Amino acid sequence: TGVTRRQFLKYVGVGSGMVAGMIALDACGVQPTQADGRSTFPHASSTGKVHVYTLNPAPTQLLVGGHLVSTWAYNGGLPGPEIRVNVGDTLRATVNNHVSEGTTIHWHGVPIVNAMDGVDGVTQPAINPGHTFTYHFVVPSAGTYFYHSHVGLQLDRGLYGPFIVEDPKETKNYDQDVVLLLDDWLDGVPGGPGNPSAALKQLIAGGDNMSGMNGMGGMGGSMAMQVPPDLLYPLYLINGKASDHPFTINVRKGHRIRVRFINASAATIYHLALNGHRMTVTHTDGQPVEPVDVDTIRIGMGERYDVLVTANNPGVWQLAAQVEGAKNMTRALFRYQESTATPPPADFLPPELQRNMLTYAMLQAAPGTSTPPTGQPDQTLPIQLSGGMGQYVWKINDQVFSQADQIALQKDRLVQFQFSNQSMMPHPMHLHGHFFQVENGTGRGPIKDTVLVDPMQKVNITWVSDNPGVWAFHCHNAYHQAAGMMRVIKIR
Ligand code: C2O
Ligand code: CU
8 TGVTRRQFLK YVGVGSGMVA GMIALDACGV QPTQADGRST FPHASSTGKV HVYTLNPAPT
68 QLLVGGHLVS TWAYNGGLPG PEIRVNVGDT LRATVNNHVS EGTTIHWHGV PIVNAMDGVD
128 GVTQPAINPG HTFTYHFVVP SAGTYFYHSH VGLQLDRGLY GPFIVEDPKE TKNYDQDVVL
188 LLDDWLDGVP GGPGNPSAAL KQLIAGGDNM SGMNGMGGMG GSMAMQVPPD LLYPLYLING
248 KASDHPFTIN VRKGHRIRVR FINASAATIY HLALNGHRMT VTHTDGQPVE PVDVDTIRIG
308 MGERYDVLVT ANNPGVWQLA AQVEGAKNMT RALFRYQEST ATPPPADFLP PELQRNMLTY
368 AMLQAAPGTS TPPTGQPDQT LPIQLSGGMG QYVWKINDQV FSQADQIALQ KDRLVQFQFS
428 NQSMMPHPMH LHGHFFQVEN GTGRGPIKDT VLVDPMQKVN ITWVSDNPGV WAFHCHNAYH
488 QAAGMMRVIK IR
């Protein structure tokens, strides 16, 4: 029953179902040429359909949390426009850079051809101010993803948006599809700390100043704390809205709702709970799992969870996102159309937050999911995560990115990373261009692209190095990444 290495991440081609949105037949009607000219990597077979999007990163004024603020966003909105395609379709996204720094777009979690991965200085030079670049690739896997700038802390300023890939062969077991992006938005707030890049520079220069920072201490504390504790910032947002004017999901009694949670925050882990309802987890990082019922989901930066909710309890309910290690929270509302109830107060914490929280140990890859072969890895790499003591520097195997060597791997090897977190902060570790399996004692751990490694904990992941190129591998705490917690993995 073993799956061969080459079958791992081999995607099923899709049929000829119609898709919504802007569609044109690819000029030649054939699979687009891979940008780096290689033809060995197993892509989904192309449907030949091309979706054309234009993304304009630009300075923007936004109303968030009751303040009109200056920030950077795509096409004038926070989050950026939703990209929704079918697996096997081609995305052609033209980026016109209207901000004052170089920028790129990374398609987080989608294992595409390397040259289109959007990591500045690794897979492409940054797109200069005033310049244009077109990303063009076949979308190889279905699931819930997002796109974001991969330059500095631009993600934290608002340069992110949802990227949803549907599989027309999947039977739809829901009536409504809702996407929720979580953000710990920081930049541009009047009276706030201003440009997060400046805040980071201050942190790095200032050394270990952690005790003075809001919520920084303790196990599991999240890193949203470049601000004095008396400020209300960062603003915790769901789909660009703070808890005073929350994003509202309007539902009908009897309907099943698919909710796709995407944590686009720079530095915040959340606990998510929906008052009055249980959530059935169906996917993590876009990949299907055996359905599991939970009351609370813990979601790290860069992670995604898809859940199904049955609307069987009319009212207006709090969908709370509580900041781990702090008292702050944000929310969306889950409102039944027929209900006239008053919404709960902005700071109401559902009792569900206290019980039955999802852990990796509860997740198993769904039957039929491609998983790496079992057995002895060809290569085992210890990955030590450290830093934060004495100065604001974060390291992988005792090296910061600017001084580190590339990790060289041969193509099509079964690779095991053995994480050991030797610091007092959690690190959501993200691998580009590949999925991996999280070892969780079940023998069939979930398939993910981002894994939270908790303080002083060990986690193993296994994956097949089947996508050639130079791939970023880093902590998805944007501040840790910028302070050194990144490597480049070269596969050939
Ligand atoms: Cu969403 Cu390199 O990351
Ligand atoms: Cu980290």
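Residue 499 is where the sequence shown ends in UniProt numbering, and the numbering goes up by one at each step. Ideal Cβ placement from N, Cα and C applies to all residues, glycine included. Source: prediction; values computed, not measured.
Mind checking residue i: buried by the 16 CB within 10 Å criterion, or exposed?
i      : result
GLY44  : Summary for GLY44: the model assigns pLDDT 32, below 50, so the residue's position carries little reliability, and this model does not support an answer.
THR457 : buried
LEU162 : buried
GLY395 : buried
SER472 : buried
ASP405 : exposed
ARG311 : buried
HIS483 : buried
SER409 : exposed
ALA415 : exposed
LYS176 : exposed
ASP302 : buried
LYS179 : exposed
GLU173 : buried
ALA348 : exposed
In the structure shown, what three-state DSSP assignment does residue i receive?
i         : result
residue 3 : There is no way to answer for residue 3, as the model of the chain reaches only from 8 to 499.
GLU359    : helix
HIS252    : coil
PHE408    : helix
MET336    : strand
GLN413    : coil
MET431    : coil
ALA368    : helix
PHE480    : strand
ASN121    : helix
SER393    : strand
VAL94     : coil
PRO295    : strand
VAL258    : strand
ALA34     : Interpretation of ALA34 is limited by its pLDDT of 34, a score under 50 that renders its predicted location unreliable; no figure is taken from the coordinates.
ASN246    : coil
PRO169    : strand
VAL288    : strand
LYS455    : strand
ASP419    : coil
VAL126    : coil
THR139    : strand
ILE467    : Correcting the residue type first, residue 467 is Asn in the shown sequence and not Ile. If DSSP states are grouped into helix, strand and coil, ASN467 belongs with the strands.
What residue does the beta strand (DSSP E) around residue i start on, and which one ends it?
i      : result
ARG494 : 493 to 498
ALA328 : 323 to 330
THR303 : 303 to 306
Is the beta carbon of residue i within less than 6 Å of some heavy atom of ligand 3?
i      : result
HIS252 : What this structure holds is ligand 1 and ligand 2, not ligand 3.
Along the alpha helix (DSSP H) that carries residue i, what are the first and last residues, could you check?
i      : result
TYR312 : From DSSP, TYR312 is part of no alpha helix (DSSP H) but of the beta strand (DSSP E) over 311 to 317.
ASP163 : 161 to 164
TYR399 : Careful: TYR399 lies outside any alpha helix (DSSP H) and carries neither H nor E.
TYR181 : Here TYR181 belongs to no alpha helix (DSSP H), and DSSP marks it neither H nor E.
GLN488 : 485 to 489
Please state if the CB of residue j and the CB of residue i are separated by a distance shorter than 7 Å.
i           : j      : result
LEU188      : PRO169 : yes
PRO321      : TYR343 : yes
LEU360      : ALA328 : no
ALA318      : HIS252 : no
ALA479      : HIS441 : no
ALA122      : VAL158 : no
TYR81       : PRO66  : no
GLY150      : GLY309 : no
THR130      : THR101 : no
PRO358      : VAL323 : no
residue 514 : SER250 : Since the first residue shown for the chain is 8 and the last is 499, residue 514 is missing from the structure and cannot be characterised.
TYR243      : ASP191 : yes
TRP401      : MET492 : yes
SER427      : LYS465 : yes
VAL266      : VAL314 : yes
ALA372      : ARG451 : yes
- Within 7 Å of ligand 1: residues by beta-carbon to any heavy atom: HIS113, HIS115, VAL126, HIS155, HIS157, GLY309, HIS437, HIS439, ALA479, HIS481, HIS483
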